[in-house]
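A.B. asks:
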RNA sequence: AGGCGCGUAGCUCAGUGGUAGAGCAUCACCUUGACAUGGUGGUGGUCGCUGGUUCGAUCCCAGCCGCGCCUACCA
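In the numbering used here, the protein residues as written are 457 to 1377.
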């Protein structure tokens, strides 16, 4: 074995082996366990969020697979309507073309071609991460059978009246030229202005003042509203106003929507361009005057002067005209939320169009009940509040998109514009008695990507066919997701799963935090703080990293700042850490927190852990390979052997608990600590004196060798879900030594706490041994005695147990404490001038002659005395409090009394010692 | 405006109604025969602030300060 762990050499080889051996497919005899991967965008590349999430899913999947469950991690990808279409359009733009130059059919063909080229990227990256997805079942949301599921759901919902088509205001993206759902709107506070405009009375007797942030919309005004309770304006209701810049007259109406406290108390009502105004317009039967075309240029309903102008150009000219007419009362600075499209970044317009909607309320009611009844459990549980909050206020879902890439809406129109919904054009003709010669044209729109995503838990398993897979794997066991898509995806899967499968799509939803950079910033290309997870795995030099971060920016002017920050943060680029170290880091970072600040230093620490494990295995191999490991023959276990076996049982319990509670951080920590601090730091060292002593019996040799191999083999299995590669590599070497066999660690059983016996006696015995060693080390460390310096240690005041333990463990003590010899003081023998450590009643003495400076030892003891006195005072304070003694549970009081005794003894001994030092000076 | 969350060592984070922990960083010593990606021993915290409940609060409750996220928004 090499001296250092080198991940690069093994990762690719092992993954290929696993996949070709078909280890990822369901095979366990136990109950089904299923996770549906949140399908990544087909043309996407792996980012830190994916890597984190997929590590968690893989860890769960591997742990369950090892535990004998019939385990499926469903693979697949999403067609990502808008995102993919934008990418392909950008490619076309680079060629100087638009999608309209190609036409729909050719454009869609081009998108498929791009899917074919780029669609493999992310699955290759997932393989690098060690993700044990069942690739043989990989699905794509636009596969024929998944598309059929989409159509089926659409048609059935339509038949039940839960999908309808209607003309109403939607959030319109004038750049992408499509409607988007409420969820795709991001409203950010932006600095703007509030224009206070004068609307003159028809009779010229004055004016009212209205305020607006979008003055150009006045061309679509249908009224001005005042509050019915507003004394100032009550008399004006019904009067007519002359709408500026037009020749139209609009009425003053009374509506509670107008807030008397805001501005003048008068509000302009533009039913076709504002969601609130739309409602007011409906109440008052106002005309909806649409003044914009789809690209947000003013249309034929605007006065000729402004017609054809972009909304913002028109605004400037109109403001100038208003100013010239003396109709601007004042202008004030005003910050307000501006709605932008989450993909395009364009300012959205409320726009009057025909769209398809899902009537959500009935679906939401069942979905709320499912969570309330505990049929779905959120982890951490608090997320159900967020879920309820949204579900109880949910509005109808606009599902049509004016795009070309996606599932075409299964609706056809005849010449008269009558709409027919059906599974196919033939089905439509058949069920409506339409002859073949009746012209039908299909709806041009496609469905929101999230519509097909919502079906993912059952469409991937063959629905609407009643398949064996559906029977086995639906509902899936757990959904692993970020809170950012609870509304987009989780809620909709629950609604449609309940509707079409009659059961929840998953039993639990594990909601993890979002990966951010060290500063807590969201990682994004434009911020230039993105880290490619595979660059952590393979390493990347600084120049390549700078280049990666600064090319292809939407705003190239940011490049210098990004370059500077990158050079500062990673002066030497990023070292290679290997997949396992990255995965372990993700597991360790998987706390319940919402934000996960990614810290590269931590990966370094866990890379070291990999190396530690590697070298532990190297040692175990060295001392056991070719030796008798007790697989046959008599075996005798030492106290140390029993101790580490007992500790291993605890570690297995901790790991199991961590996995069961989705506390991967705690599982990772428990395994890290057991492996490093107990197995490596102590047990491997304890094994050396045993294995090297000529006095050790053959049975005891077998016992220790067997324990080394068995505990290490168990550690490997415990760690495998988090660190699949190194554990597999080492397991193939270690398993035979531990008497285990099998083709792969992947299918070896996950360890149980009951695999090793708990042994309280051995634990207490070894506690004594370790405390002894620590006591001597502490003196050595604090007294600056060179590690190479051997000295004799005396013990005083040793009890019977101390003497027994001293006798049986002398070998460890001398070796691990690096001392020449240990001997109890004879009866009546005077202790030489010594530095001391305490172990219960017993004193450990390190004679000072030639080793220790009196002043230094006095200082050291003084420090300890101070600490002990402070603790003692606290304990005394508590015990002096009558109420404490009266109310605290007896075991707490007993514990407190015990502490008093301990500290008092320690203090007394320290003081004796100090006095001794003073006398001998 | 409503909802949710956070504030613990220099940094990133665990944690518990009764001795405050880890990783990284830091200091000292050490090329000991698994590992310098290592070993040994240290340094470092009035657990955001103020009250309350309690025998006892970093933990529970209330208020405040600071920070963040989500939802809905006054034109």
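The C-beta atom is built at its ideal place from N, Cα and C for all residues, glycine as well.
Pull up the distance between the alpha-carbon of residue 1170 and that of residue 461, whole angstroms please.
C.D. replies: Computed Cα separation, rounded: 20 Å.
A.B. asks: Using the three-state DSSP reduction, which class does residue 1334 fall into: helix, strand or coil?
C.D. replies: DSSP places residue 1334 in helix when its eight states are reduced to three.
A.B. asks: If you draw a straight line from the alpha carbon of residue 663 to that of residue 775, how long is it in whole angstroms?
C.D. replies: Looking at the two C-alpha atoms, the distance is approximately 18 Å.
A.B. asks: Within its chain, find whatever has a CB closer than 6 Å to the CB of residue 1152; leave out the 5 residues flanking it on each side and keep chain order.
C.D. replies: Answer for residue 1152: 1146, listed in chain order.
A.B. asks: May I have the straight-line CA-CA distance separating residue 940 from residue 841, to the nearest angstrom?
C.D. replies: One C-alpha to the other measures close to 14 Å.
A.B. asks: Would you list the residues sitting across from residue 696 in a DSSP beta bridge?
C.D. replies: Paired residue(s): 707.
A.B. asks: At what residue ranges does the region 1114–1154 contain a whole run of the alpha helix (DSSP H), taking only runs of 4 or more?
C.D. replies: If we require 4 residues or more, the alpha helix (DSSP H) runs fully inside the region 1114–1154 come out as 1120–1129, 1141–1148.
A.B. asks: Pairing CB atoms from the region 512–530 with CB atoms from the region 551–563, are three or more of them under 8 Å?
C.D. replies: The region 512–530, when compared against the region 551–563, does not touch it at the 8 Å Cβ threshold.
A.B. asks: What residue range does the alpha helix (DSSP H) around residue 463 cover?
C.D. replies: Counting along the chain, the alpha helix (DSSP H) containing residue 463 begins and ends at 463–476.
A.B. asks: Can you give the Cα-Cα distance for residue 1399 and residue 960, rounded to whole angstroms?
C.D. replies: No answer is possible for residue 1399: the residues shown for the chain start at 457 and end at 1377.
A.B. asks: Would you be able to state if there are at least three C-beta pairs under 8 Å between the region 1157–1174 and the region 1091–1105?
C.D. replies: The answer is yes - the region 1157–1174 touches the region 1091–1105, with three or more Cβ pairs under 8 Å.
A.B. asks: Taking Cβ positions, are residue 807 and residue 625 nearer each other than 8 Å?
C.D. replies: Yes, they are a contact pair.
A.B. asks: Ends of the beta strand (DSSP E) at residue 967?
C.D. replies: Unbroken beta strand (DSSP E) run through residue 967: 962–968.
A.B. asks: Of all the alpha helix (DSSP H) runs that stay within the bounds of the region 993–1017, which reach a length of 4 or more residues?
C.D. replies: Whole alpha helix (DSSP H) segments, 4+ residues: 998–1006.
A.B. asks: On the CB-based measure, 16 or more other CB atoms within 10 Å of its CB, does residue 1220 come out buried or exposed?
C.D. replies: Residue 1220 comes out exposed.
A.B. asks: Give the DSSP-derived three-state secondary structure of residue 702 in the structure shown.
C.D. replies: Three-state DSSP puts residue 702 in coil, outside helix and strand.
A.B. asks: Just the Cα atoms here: how many angstroms apart are residue 1359 and residue 1253?
C.D. replies: Taking the straight line joining both Cα atoms gives about 17 Å.
A.B. asks: Since residue 750 and residue 630 are thought to touch, with beta carbons under 8 Å apart, how far apart are those beta carbons, to the nearest angstrom?
C.D. replies: That belief holds up - the Cβ atoms of residue 750 and residue 630 are roughly 7 Å apart, short of 8 Å.
A.B. asks: What does the alpha-carbon distance come out to for the pair residue 859 and residue 636?
C.D. replies: So the alpha carbons of these two residues sit roughly 11 Å apart.
A.B. asks: Looking at the unbroken beta strand (DSSP E) that takes in residue 805, where does it start and where does it end?
C.D. replies: First-last of the beta strand (DSSP E) with residue 805: 805–814.
A.B. asks: Which first and last residues belong to the beta strand (DSSP E) in which residue 949 is found?
C.D. replies: Per DSSP, residue 949 belongs to no beta strand (DSSP E); it is in the alpha helix (DSSP H), 947–957.
A.B. asks: Round the Cβ separation of residue 1056 and residue 1018 to the nearest angstrom and send it over; I've been treating them as touching at under 8 Å.
C.D. replies: Residue 1056 to residue 1018, Cβ: 17 Å. No contact.
A.B. asks: In the DSSP assignment, what are the bridge partners of residue 792?
C.D. replies: According to DSSP, which records beta bridges pairwise, residue 792 is partnered with 646.
A.B. asks: Can you tell me which of the three DSSP states residue 1430 falls into?
C.D. replies: This structure cannot speak to residue 1430, because the chain is shown only from 457 to 1377.
A.B. asks: What did DSSP end up calling residue 627 once you bin it into helix, strand or coil?
C.D. replies: In the structure shown, residue 627 sits in a strand (DSSP, three-state: E or B).
A.B. asks: For residue 632 versus residue 538, is the C-beta spacing smaller than 8 Å?
C.D. replies: Yes. Within cutoff.
A.B. asks: With H, G and I counted as helix, E and B as strand and the rest as coil, what does DSSP make of residue 1052?
C.D. replies: In this structure, residue 1052 counts as strand in the three-state DSSP scheme.
A.B. asks: Please classify residue 768: is it buried, with 16 or more other beta-carbons within 10 angstroms of its beta-carbon, or exposed?
C.D. replies: Looking at its Cβ environment, which holds fewer than 16 other Cβ atoms inside 10 Å, residue 768 is exposed.
A.B. asks: Quick check on this structure: which residue in 1109, 1356, 1314 has the alpha carbon closest to the alpha carbon of residue 1334?
C.D. replies: Looking at the Cα atoms, 1356 is the closest of the given residues.
A.B. asks: Going by the CB atoms, is the gap between residue 728 and residue 745 shorter than 8 Å?
C.D. replies: Taking 8 Å as the Cβ cut-off, residue 745 and residue 728 qualify as a contacting pair.
A.B. asks: What is the rounded straight-line gap between the Cα of residue 501 and the Cα of residue 507?
C.D. replies: Using only the alpha carbons, I get a separation of about 11 Å.
A.B. asks: Which two residues bound the contiguous alpha helix (DSSP H) that contains residue 1220?
C.D. replies: Its alpha helix (DSSP H) spans residues 1216–1238.
A.B. asks: Return the chain-ordered list of same chain residues with a C-beta closer than 6 Å to the C-beta of residue 1226, the five sequence neighbours on each side being excluded.
C.D. replies: Counting only Cβ-Cβ distances below 6 Å, and skipping sequence neighbours, we find nothing.
A.B. asks: Tell me where the beta strand (DSSP E) around residue 447 begins and ends.
C.D. replies: Since the first residue of the chain shown is 457 and the last is 1377, residue 447 is not available in this structure.
A.B. asks: How many angstroms separate the CA atom of residue 525 from the CA atom of residue 1085?
C.D. replies: Each residue's Cα considered, the two are about 32 Å apart.
A.B. asks: Which stretch, first to last residue, makes up the alpha helix (DSSP H) that contains residue 881?
C.D. replies: Where residue 881 is concerned, the enclosing alpha helix (DSSP H) stretches over 881–888.
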